[in-house]
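Here is the structure we will look at, set down as structure tokens.
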Amino acid sequence: MSKIGTYYNSPAPTRRGGYEIYYQHIAAQRRGSALWIPEPSRTLPPQYRRNGVTIGDLGVISEFGSFDFLFNICHPRDHPIHPPGLPETFTPLPISPSNITQYSEFIGESYLSSESVKNGLVFETSALEGALLMMPVGSNSADLISKARVRKFFKDNAENWYTYANNEREWEVRNGELRLVIGHDKTTAWGMATFSNSTTEEGPCMLKFKPVESSNVGRTYGWEYSGTAQVRTGPDRDQMQALRAAEPPQDGVEYENQTLFVRTINVTLQDTVWKALAFDFGEVEVDDDLSGNNMVDPHPSPPHTDHYRSSKGSRKDLPTSGGQSEPRRVAFENTLHSVAIPTMTPLQLVTPLVGDRL
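Letter 223 of the sequence shown, counting from 1, is numbered 223 in the UniProt record's numbering, and no numbers are missing.
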């Protein structure tokens with residue numbers, strides 16, 4: 001079983017939400033933006049949900065930790081995965097399969113069915129805060145090799161796409177929040193957990209991830225834990241059944257549509273261009289502070305997020321929240337400039353203990 005886990009022992013003044021903890025800690029593994037909700041939205045067409053996030057998807061990462069899909073730049077306007085109402089001027093940018101590399105960095109092991117570890121894995125930690133990602137069957141990755149055409153395409157169309165997102169879809173997307181997927185890690189089964197203690201005196205947190213049962217939609221998994229933790233597993237068995245039953249029916253298919261990480265390109269419009277678009281976000285004013293030094297980004301770009309400036313303007317450095325080292329996004333006037341990612345301090349892995357300890 002592949003696993004990713006980190007923890008911090010630095011004091012935490014207040015408890016944070018599960019996604020906030022998960023995003024910060026798992027992003028330190030430098031695989032892109034970690035999604036707390038890997039499954040595609042149930043409101044999307046079955047044709048999209050059967051595959052999940054793919055290269056070329058345009059969307060935003062929501063406050064809940066999901067990737068909210070707008071459209072895919074590689075598919076024609078009338079493609080089944082697209083919503084109605086895409087602009088008449090929309091023109092796709094085909095990407096050759098030869099320009100996409102696919103690999104498996106995390107490969108599932110067979111020990112879950114082994115007699116010696118049939119009770120699963122137990123993790124124990126006394127840290128104040130941390131997160132775990134379990135991949136019982138591993139994961140598969142895909143990444144765009146050459147990004148030059150995609151960068152230019154995004155930069156040239158960014159103004160129209162922000163207008164579509166905010167005026168046609170009414171999503172209230174802020175400047176710099178639109179993301180174009182250039183890579184992803186996906187799987188068919190996963191488990192996520194976060195833990196948070198106010199003090200070390202609360203005692204260790206113990207978590208056990210184990211198989212629960214096998215069914216016609218595959219093996220399902222669950223958590224047992226002591227201490228303060230928030231846990232999730234997936235995919236949802238009923239949703240997998242519904243996808244198989246959708247038109248056209250696909251009995252027995254196992255969908256690799258659970259997206260653990262996305263790697264993206266972001267584009268920010270020049271301040272004057274953004275203000276001229278005059279998006280109405282209710283009581284939130286659109287002014288210079290949106291791209292100034294007082295802005296705190298709710299999703300600081302993790303490694304493998306390229307942030308580019310529209311050729312119409314420049315971008316200032318963005319401060320980051322919290323005391324941890326976060327990547328800074330930098331771009332310069334009239335240039336496309338790759339982001340310089342500072343080295344992050346390696347975090348200790350939560351130690352797994354084989355056996356039944358709960």
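Even for Gly, the Cβ is constructed at its ideal location relative to N, Cα and C.
field: Distance between beta carbons of residue 195 and residue 130, contact taken as under 8 Å
entry: 6 Å
query: Who does residue 277 pair with in a DSSP beta bridge?
result: Per DSSP, none; premise fails for residue 277.
message: As a quick exercise: from 90, 70, 102 and 163, pick the residue whose alpha carbon is nearest that of residue 81.
response: 70
task: Go to residue 186, then tell me how far its beta strand (DSSP E) extends in each direction, as first and last residue.
output: 179-187
- prompt: Nearest to residue 191 by CA position, among 223, 123 and 57, is which residue?
  reply: 223
Distance CB(residue 162)-CB(residue 277) smaller than 8 Å: yes
Burial state of residue 141 (16 or more Cβ within 10 Å): buried
task: Compute the distance between the beta-carbons of residue 35 and residue 260, then report whether it is under 8 Å.
output: yes
field: Three-pair Cβ contact test at 8 Å for the stretch 182-190 versus the stretch 51-71
entry: yes
field: Residue interval of the alpha helix (DSSP H) (run including residue 90)
entry: Run containing residue 90: none; DSSP gives neither H nor E here.
message: Quick check: the Cα distance between residue 40 and residue 203, rounded to an integer number of angstroms?
response: 36 Å
- prompt: Under a Cβ-count criterion, where at least 16 other Cβ atoms within 10 Å of its own Cβ denotes burial, should residue 158 be classed as buried or exposed?
  reply: buried
query: Which residues mark the beginning and the end of the beta strand (DSSP E) in which residue 132 is found?
result: 129-135
field: Extent of the continuous alpha helix (DSSP H) run through residue 18
entry: 18-27
message: Only counting the same chain, and skipping five residues up and downstream in sequence, which positions put a Cβ closer than 7 Å to that of residue 16?
response: 196
message: Can you tell me whether residue 238 is buried or exposed? The criterion is at least 16 other CB atoms within 10 Å of its CB, across all chains shown.
response: exposed
field: Proximity below 8 Å, CB of residue 87 to CB of residue 75
entry: no
query: Under the three-state reduction of DSSP, which class applies to residue 72: helix, strand or coil?
result: strand
- request: Please name the residue in 23, 32 and 280 whose C-alpha comes closest to that of residue 168.
  value: 280
query: Going by Cα to Cα distance, which pick from 59, 255 and 126 is closest to residue 218?
result: 255
query: What first and last residue would you give for the beta strand (DSSP E) that runs through residue 124?
result: 121-125
field: Top-ranked residue by Cα proximity to residue 85, from 134, 170, 25 and 98
entry: 170
- request: Leaving aside the five residues before and after residue 105 along the sequence, list all residues of the same chain whose C-beta is less than 7 Å from its C-beta, in chain order.
  value: 141
task: Output the distance between the C-alpha atoms of residue 60 and residue 173, rounded to the nearest integer angstrom.
output: 8 Å
- prompt: For residue 211, which beta-bridge partners are listed by DSSP?
  reply: 221
- prompt: To which residues of the same chain is residue 232 closer than 6 Å at the C-beta, ignoring the five residues directly before and after it?
  reply: 192
field: 6 Å Cβ shell around residue 20 - same chain, five flanking residues per side excluded
entry: none
message: For residue 262, report the span of its beta strand (DSSP E) as first-last.
response: 258-268
message: Please return the same chain residues whose Cβ sits closer than 6 Å to the Cβ of residue 103, not counting the five positions on each side in sequence.
response: 141
Which listed residue (99, 65, 273 and 122) has its alpha carbon closest to that of residue 23: 65
- prompt: Can you round the beta-carbon distance between residue 46 and residue 243 to whole angstroms, since I take them to be within the 8 Å contact cut?
  reply: 6 Å
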